[in-house]
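Undergrad: Let me give you the structure first, and then I'll get to my questions.
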Amino acid sequence: MGRPPSNGGPAFRFTAAEVAEMEAILQGHNNTMPAREVLVALAEKFSESIERKGKIAVQMKQVWNWFQNRRYAIRAKSTKAPGKLAVSPIVQIESTPVRNVPQSIVVPAPAPVGSVKGAPDNPLSEFEAKSARDGAWYDVATFLSHKSVESGDPEVLVRFAGFGSEEDEWVNIRRNIRPRSLPCESSECVAVLPGDLILCFQEGKEQALYFDAHVLDTQRRRHDVRGCRCRFLVRYDHDQSEEIVQLRKICRRPETDYRLQQLHAVNEAASMEPPKSGMDSVLLSGPRLNFEGTQKPLGKDATMVAPNANLNVALLS
């Protein structure tokens, strides 16, 4: 489901055999990013396969992004917040716009260059940086140095997670350094609203990278054993292309945490209320909060339903 890339070409996809091989390597590395040499070797191997030889070569960045995306997905499934939210379809969060105001980023002191070599992959990277080479965002492994430029904005020399020194880049702190975006658990789809700035995984003809995007519309679907089935219409900031994506491709901004905190508080309050009696009555989950207001479905025949299969309601007879 979704729209084709703006260049009209087919979206880049790894083959089933390539995905299986990378899955095995990721498991062998205990869900940590493999060494750069492994990623380069995989890219070269895939490019020389019968299916790809003589066509578009697989880039190391594409392999790296697959591992990063997969690690995000696994981390989101395995990371369970205390008191996991049980989202009721009748509980709605007040939609307070999350504005993109400049933030004061406190950048850690640069690490000695010698200490970077052989440093373990940090699964809890606190920052992400936007590369001027492709406009995509990458996790920061470490900050190597800093300087002031004529524009007055300070810059830092960034070592991107999973990349070597040849990919180090000077990055503007105010515009292109920020706290890391957060992968979404299935229950957190309710915190992704129209108008939100998100980090979205875009798979194009020649690349598959994380770019800034804005949510235009949402289609809520009932969850099942596979997790979240909702769909999100997004517009990428860098090329203005639009696409319908699943939650697994979205990383939300940390500024949206307050919405989940509101939901958690509502569900906690609901769990402490005594059951009500009456024929076919529904146990309401505390105060009703305005979540998204009026929301248009993505398709004319689409039905807006509860976003979570584990509903916090009780039918009484």
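Numbers given in the working numbering equal positions in the sequence shown, counted from 1, plus 2.
By construction, the Cβ of each residue, glycine as well, lies at the ideal position given by its N, Cα and C atoms.
1. Helix, strand or coil: which one does DSSP assign to Pro156?
2. Per DSSP, Glu205 forms a beta bridge with which residues?
3. Is Asn174 near the ligand MN, with its Cβ less than 7 Å from a heavy atom?
4. Do Ala138 and Leu211 have their C-beta atoms closer together than 8 Å?
5. Mind reading off the beta-carbon distance from Phe129 to Ile179? Whole number of angstroms is fine, and I expect it under 8 Å.
6. Hey, how far is the Cα of Asp282 from the Cα of Asp259?
7. What are the complete beta strand (DSSP E) segments, minimum 3 residues, inside the segment 139–201?
8. Using a threshold of 8 Å, state whether the C-beta atoms of Val365 and Arg231 are closer than that.
9. For a test of the three-state rule: what should DSSP assign to Gly229, helix, strand or coil?
10. Would Ser273 and Gly229 be called neighbours here (beta carbons separated by less than 8 Å)?
11. Arg250: which of Ser243, Trp66, Arg233, Arg15 sits nearest, CA to CA?
12. Going by the beta-carbon positions, is the gap between Phe165 and Val142 smaller than 8 Å?
13. So if DSSP puts Gln221 in a beta bridge, which residue, or which two residues, is it bridged to?
14. Whole angstroms are fine: how far does the CA of Ala45 sit from the CA of Ala19?
15. Of the residues Val158, Pro256, Gln248, which one's Cα is nearest the Cα of Arg182?
16. Which word fits Thr347, buried or exposed, when buried means at least 16 other C-beta atoms lie within 10 angstroms of its C-beta?
17. Are the CB atoms of Ala37 and Ser49 nearer to each other than 8 Å?
18. Name the residue from Tyr238, Leu262, Gln204, His225 whose alpha carbon lies nearest to the alpha carbon of Val217.
19. Per DSSP, what are the beta-bridge partners of His216 in this structure?
20. At the level of alpha carbons, what is the spacing between Phe213 and Glu245?
21. Can you tell me which of the three DSSP states Ala131 falls into?
22. Just the C-alpha distance for Trp66 and Leu41, rounded to the nearest angstrom, thanks.
23. In the structure shown, what three-state DSSP assignment does Ile27 receive?
24. Can the beta-carbon of Met24 be found less than 8 Å from the beta-carbon of Arg73?
25. Who are the Cβ neighbours of Gln64 in its own chain at under 6 Å, not counting the five residues just before and after it?
26. Can you tell me whether Glu65 is helix, strand or coil according to DSSP?
27. How far does the alpha helix (DSSP H) with Val268 in it reach, from first residue to last?
TA: Judging by the given coordinates:
1. Stepping through the sequence shown from its first residue, residue 156 is reached at position 154. Looking at Pro156 - three-state DSSP - the assignment turns out to be strand.
2. Against the sequence shown, residue 205 aligns to sequence position 203. For Glu205, which the question treats as bridged, DSSP gives the partners Ala210.
3. For the ligand MN, the structure offers nothing, since it holds no ligand at all.
4. What you label residue 138 is simply residue 136 of the sequence shown in a count that begins at 1. What you label residue 211 is simply residue 209 of the sequence shown in a count that begins at 1. Cβ atoms of Ala138 and Leu211: closer than 8 Å.
5. The residue you call residue 129 lines up with position 127 of the sequence shown. The residue you call residue 179 lines up with position 177 of the sequence shown. About 6 Å; that satisfies the 8 Å criterion.
6. Counting from 1 along the sequence shown, the entry for residue 282 is found at position 280. Counting from 1 along the sequence shown, the entry for residue 259 is found at position 257. Reliability of the predicted coordinates at Asp282 is poor, the pLDDT of 46 falling under 50, and the value obtained from them is presented with this limitation in mind. Cα to Cα, the separation comes out at about 34 Å.
7. 139–150, 156–162, 171–174, 179–181
8. For residue 365 there is no data in the structure shown, the boundaries of the chain being 3 and 319.
9. Here residue 229 is taken as the residue at index 227 of the sequence shown, counted from 1. Correct three-state label for Gly229: strand.
10. Walking along the sequence shown from the start, residue 273 turns up at place 271. Walking along the sequence shown from the start, residue 229 turns up at place 227. Contact: no.
11. Against the sequence shown, residue 250 aligns to sequence position 248. If we check each option's Cα against that of Arg250, Arg233 comes out closest.
12. Your numbering for residue 165 matches position 163 in the sequence shown. Your numbering for residue 142 matches position 140 in the sequence shown. Not closer than 8 Å, so no.
13. Position 219 of the sequence shown, counted from the first residue, corresponds to residue 221. According to DSSP, which records beta bridges pairwise, Gln221 is partnered with Arg233.
14. Against the sequence shown, residue 19 aligns to sequence position 17. Against the sequence shown, residue 45 aligns to sequence position 43. Roughly 13 Å separates the two Cα atoms.
15. In the sequence shown, the residue the question calls residue 182 occupies position 180. With distances taken between Cα atoms, Arg182 lies closest to Pro256.
16. Because the chain is modelled from 3 through 319, residue 347 falls outside the range shown and cannot be assessed.
17. Against the sequence shown, residue 37 aligns to sequence position 35. Against the sequence shown, residue 49 aligns to sequence position 47. No, Cβ-Cβ distance for Ala37 and Ser49 is not below 8 Å.
18. Sequence index remark: in the sequence shown, residue 217 carries index 215 (1-based). Looking at the Cα atoms, Tyr238 is the closest of the given residues.
19. For the purposes of this step, residue 216 is taken as residue 214 along the sequence shown, with counting starting at 1. Its beta-bridge partners are Leu199, Arg237.
20. For the purposes of this step, residue 213 is taken as the residue at position 211 of the sequence shown. For the purposes of this step, residue 245 is taken as the residue at position 243 of the sequence shown. If I take the Cα positions, the gap works out to 13 Å.
21. Position 129 of the sequence shown, counted from the first residue, corresponds to residue 131. Residue state, collapsed to three classes: strand.
22. The count along the sequence shown starts at 1 and reaches residue 66 at position 64. The count along the sequence shown starts at 1 and reaches residue 41 at position 39. Cα-Cα distance, rounded: 7 Å.
23. Residue 27 sits at position 25 when you count from the first residue of the sequence shown. Note: Ile27 maps to helix in three-state DSSP.
24. Against the sequence shown, residue 24 aligns to sequence position 22. Against the sequence shown, residue 73 aligns to sequence position 71. Cβ atoms of Met24 and Arg73: not closer than 8 Å.
25. Sequence index remark: in the sequence shown, residue 64 carries index 62 (1-based). Excluding residues within five positions, the ones whose Cβ falls inside 6 Å are Ala210.
26. Position 63 of the sequence shown, counted from the first residue, corresponds to residue 65. Here residue 65 is Val; the residue named in the question, Glu, does not match the sequence. In the structure shown, Val65 sits in a helix (DSSP, three-state: H, G or I).
27. Position 266 of the sequence shown holds residue 268. Unbroken alpha helix (DSSP H) run through Val268: 259–273.
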